[in-house]
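Engineer: Okay, so the sequence shown: first residue is 0 according to numbering that gives the first Met the number 0, each after it adds one.
Glycine is no exception: its CB is placed at the ideal position from the N, C-alpha and C atoms.
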Amino acid sequence: MSKAGGRAGGHRFDPTILREYDIRGTVGTTLFEADALALGRAFAQCIAEAGGTRAAVGRDGRLSSPELEAALVQGLSQSGIDVARIGVGPTPMLYFAACTLGVDAGLMVTGSHNPADYNGFKLVLQKRSFYGADIQRLGEIAAKGAFRSGGGVVSTVELLDKYVERIAADYDGKRPLTVVWDAGNGATGEALVRLTQKIPGKHFLLNEAIDGRFPAHHPDPTETKNLAQLQAAVKQHRADLGIAFDGDGDRIGVVDAQARILWGDQLMTMLAADVIRAKPGATIIADVKASQVLFDEIARLGGTPLMWRTGHSIIKSKMAEISAPLAGEMSGHIFYADRYYGYDDALYAAIRLLGILGRSDASLAQLRDRLPAVVNTPELRFPCEESRKFAVVSEVRDRLKKAGAEMTDIDGVRVKTKDGWWLLRASNTQAVLVARAEARDAAALERLKRTLARELASSGIEPPAF
Ligand SMILES: [Zn+2]
């Protein structure tokens with residue numbers, strides 16, 4: 000994995016790797032060690048401009064992560080930044096480092112939930128997500144090649160135990176539960192082994208050995224097929240619930256005792272109820288893809304629902320801006336500021352869920368069945384040319400506005416009718432459009448889908464197979 004991606008005078012990243020929320024590519028094709036080195040040097044400049052001198056660096060368990068991490072640390076240090084290396088762990092452990100080690104920035108080497116040959120970086124500067132235009136700027140700094148030079152001190156910090164203890168400290172259940180956990184061979188494995196030793200109950204662990212080849216299944220709990228092993232184990236052990244993590248532990252997947260999947264918005268109704276009980280009137284944030292049931296539940300329980308744009312960095316920023324105690328996305332990113340630091344940590348969300356269930360007389364399945372029944376589509380993703388995707392959404396929005404539709408346009412268009420609602424938005428990271436619809440019954444859902452298909456056709460887009 001060695002190739003000088005640089006050019007005399009500066010370093011050029013493959014343009015596809017500088018993305019909206021992170022830096023990500025295929026190792027050996029679009030992403031090389033030279034990129035990690037240049038990234039360290041470019042980001043060092045951003046840290047210095049913000050008045051900082053220290054950074055924490057962590058990595059996931061992918062096969063390419065050690066080399067990328069070493070190059071990244073070298074780049075930071077060569078540009079005068081002191082580095083605390085925290086080693087292998089989930090991305091939220093790096094966020095924990097950024098919040099507790101007295102550093103100015105954090106860098107995580109991770110390919111998150113992507114296939115084994117991917118890798119990338121998530122960045123934090125002064126406890127805030129570093130994304131959007133900031134990431135583009137790293138490309139500009141690297142291209143100029145006028146890097147700062149210095150000799151930062153590199154040290155190793157053992158943080159895993161402290162991180163796990165901090166999470167376990169917030170477990171507040173009264174009744175022991177039987178839980179199956181699936182780490183998916185991702186970076187949460189070792190943290191999970193230690194965490195489950197610290198909390199009561201019976202715990203069965205699946206795929207807890209960190210293995211960057213992901214031999215059991217893909218570490219992405221938003222895909223139903225990746226939860227099959229967990230579902231089977233929950234039934235086999237007659238467990239109260241099953242919990243899965245994505246490859247770097249910032250997204251959670253949950254199944255109940257009947258092995259039914261609870262999506263991010265369903266899970267959020269239970270987490271929100273608990274936070275609102277402690278903090279009446281609290282603002283709870285969910286993204287535009289979330290069920291109306293969630294927003295209605297938050298209001299019914301005495302909280303203040305806030306629908307916001309999709310994207311973990313965007314949600315985290317909004318949360319900090321308005322001091323919201325809890326936020327969540329359909330994708331399984333759950334952010335706790337209530338008793339915690341306000342970043343997306345799936346292990347922490349799991350512990351809070353176990354606390355809620357361990358204090359409740361009702362099971363997770365019963366809590367789920369108490370929610371109003373609705374029928375909805377999953378998140379539907381279908382291809383649309385990069386150059387057209389935002390235009391299509393604007394055209395649909397303009398036509399609907401003219402027609403006087405009731406809608407929200409903070410992120411795409413989310414249209415409310417007497418049947419329910421439907422959403423159309425452009426992905427920030429791929430050449431795809433995203434749609435979802437939800438209604439009170441099947442006939443109403445059909446009407447919503449037909450409206451959505453008609454709108455897409457009016458803009459020359461073949462509707463997805465609903
Ligand atoms: Zn992730």
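(1) Taking only the alpha-carbon atoms, compute the straight-line gap between residue 1 and residue 329 and give it to the nearest angstrom.
(2) Check whether the Cβ atoms of residue 97 and residue 213 lie closer than 7 Å to each other.
(3) Looking only at C-alpha atoms, which of 398, 291 and 166 sits nearest to residue 340?
(4) Would you say the beta carbon of residue 247 comes nearer than 6 Å to a heavy atom of ligand 1?
(5) Given a cut-off of 7 Å on the beta-carbon distance, is the pair residue 41 and residue 137 in contact?
(6) Tell me the residue span of the alpha helix (DSSP H) that contains residue 335.
(7) Across the segment 58-71 and the segment 125-144, are there enough close Cβ pairs to call them in contact, namely three or more that are closer than 8 Å?
(8) Would you kindly work out how many angstroms separate the C-alpha atoms of residue 49 and residue 15, rounded to a whole number?
(9) List the endpoints of the continuous beta strand (DSSP E) containing residue 84.
(10) Can you give me the C-alpha to C-alpha distance between residue 5 and residue 17, rounded to a whole angstrom?
(11) What does a CB cutoff of less than 7 Å around residue 378 pick up in its chain, not counting 5 residues either side in sequence?
(12) Whose C-alpha, out of 134, 140, 120 and 273, is nearest the C-alpha of residue 355?
(13) To the nearest angstrom, how far is the alpha carbon of residue 175 from that of residue 241?
(14) On the criterion of 16 or more Cβ atoms from any shown chain inside 10 Å, does residue 299 qualify as buried, or is it exposed?
(15) Mind reading off the beta-carbon distance from residue 281 to residue 303? Whole number of angstroms is fine, and I expect it under 8 Å.
(16) For residue 3, I'd like the list of residues in its chain whose CB is within less than 6 Å of its CB, leaving aside the five on either flank, ordered along the chain.
(17) With residue 454 as the anchor, note down where its alpha helix (DSSP H) starts and where it stops.
(18) Starting from the C-beta of residue 277, find all residues in its chain whose C-beta is less than 8 Å away, skip the five residues before and the five after it, and write them out in chain order.
(19) Indicate the three-state DSSP secondary structure (helix, strand or coil) for residue 209 in the structure shown.
(20) Per the DSSP calculation, residue 405 is bridged to which residue(s)?
(21) Report yes or no: do three or more beta-carbon pairs, one from the segment 21-40 and one from the segment 104-122, lie closer than 8 Å?
(22) Is any heavy atom in ligand 1 found nearer than 6 Å to the beta carbon of residue 147?
(23) Can you tell me whether residue 460 is helix, strand or coil according to DSSP?
Structural biologist: In short, the structure shows the following:
(1) Numbered from 1 along the sequence shown, position 2 holds the residue referred to as residue 1. Numbered from 1 along the sequence shown, position 330 holds the residue referred to as residue 329. Annotation note: pLDDT 41 at residue 1 (below 50); position unreliable, no value reported.
(2) Taking the first residue of the sequence shown as 1, we reach residue 97 at position 98. Taking the first residue of the sequence shown as 1, we reach residue 213 at position 214. No.
(3) Locating residue 340 in the sequence shown gives position 341, where the first residue counts as 1. Closest option to residue 340, Cα to Cα, is 166.
(4) By 1-based counting over the sequence shown, the position of residue 247 is 248. At least one heavy atom of ligand 1 falls within 6 Å of the beta-carbon of residue 247.
(5) Looking up residue 41 in the sequence shown gives position 42. Looking up residue 137 in the sequence shown gives position 138. With respect to the 7 Å criterion, residue 41 and residue 137 are classified as neighbours on the basis of their beta carbons.
(6) Residue mapping note: residue 335 aligns to position 336 of the sequence shown, counting from 1. Boundaries for residue 335: no alpha helix (DSSP H) harbours it, while the beta strand (DSSP E) harbouring it runs 333-335, taken from the DSSP string.
(7) The segment 125-144 and the segment 58-71 do not touch, with fewer than three beta-carbon pairs separated by less than 8 Å.
(8) Position 50 of the sequence shown, counting from 1, holds the residue named residue 49. Position 16 of the sequence shown, counting from 1, holds the residue named residue 15. The C-alpha of residue 49 lies about 27 Å from the C-alpha of residue 15.
(9) Counting from 1 along the sequence shown, the entry for residue 84 is found at position 85. Residue 84: member of the beta strand (DSSP E) spanning 81-87, first to last residue.
(10) Locating residue 5 in the sequence shown gives position 6, where the first residue counts as 1. Locating residue 17 in the sequence shown gives position 18, where the first residue counts as 1. Unreliable positioning characterises residue 5 in this predicted model, as indicated by a pLDDT of 41, which lies under 50. A coordinate reading is not provided.
(11) Translated into positions along the sequence shown, residue 378 becomes position 379. Result list for residue 378: 288, 329, 433 and 435, in chain order.
(12) Mapped onto the sequence shown, residue 355 falls at position 356. For the residues 134, 140, 120 and 273, the minimum Cα distance to residue 355 belongs to 273.
(13) Your numbering for residue 175 matches position 176 in the sequence shown. Your numbering for residue 241 matches position 242 in the sequence shown. Between the alpha carbons of residue 175 and residue 241 lies a gap of roughly 14 Å.
(14) Sequence index remark: in the sequence shown, residue 299 carries index 300 (1-based). When all chains shown are included, residue 299 counts as exposed.
(15) Walking along the sequence shown from the start, residue 281 turns up at place 282. Walking along the sequence shown from the start, residue 303 turns up at place 304. Contact between residue 281 and residue 303 holds: their C-beta atoms lie close to 7 Å from each other, under 8 Å.
(16) Start at 1 with the first residue of the sequence shown, and residue 3 comes out as number 4. Its pLDDT being 44, under 50, residue 3 is placed unreliably in this model, and the value from its coordinates should be taken loosely. Cβ neighbours of residue 3 beyond the five flanking positions: 33.
(17) Working through the sequence shown from its first residue, we reach residue 454 at position 455. First-last of the alpha helix (DSSP H) with residue 454: 441-457.
(18) Taking the sequence shown and counting its residues from 1, one reaches residue 277 at position 278. Correct list, in chain order: 337.
(19) Numbered from its first residue, the sequence shown carries residue 209 at position 210. Residue state, collapsed to three classes: coil.
(20) The residue you call residue 405 lines up with position 406 of the sequence shown. Per DSSP, 415.
(21) Because the criterion of three Cβ pairs below 8 Å is met, the segment 21-40 and the segment 104-122 touch.
(22) Residue numbering aside, residue 147 sits at position 148 when the sequence shown is read from its first letter. Distances between the C-beta of residue 147 and the heavy atoms of ligand 1 are all 6 Å or more.
(23) Translated into the one-based positions of the sequence shown, residue 460 becomes position 461. Annotated three-state conformation of residue 460 is coil, per DSSP.
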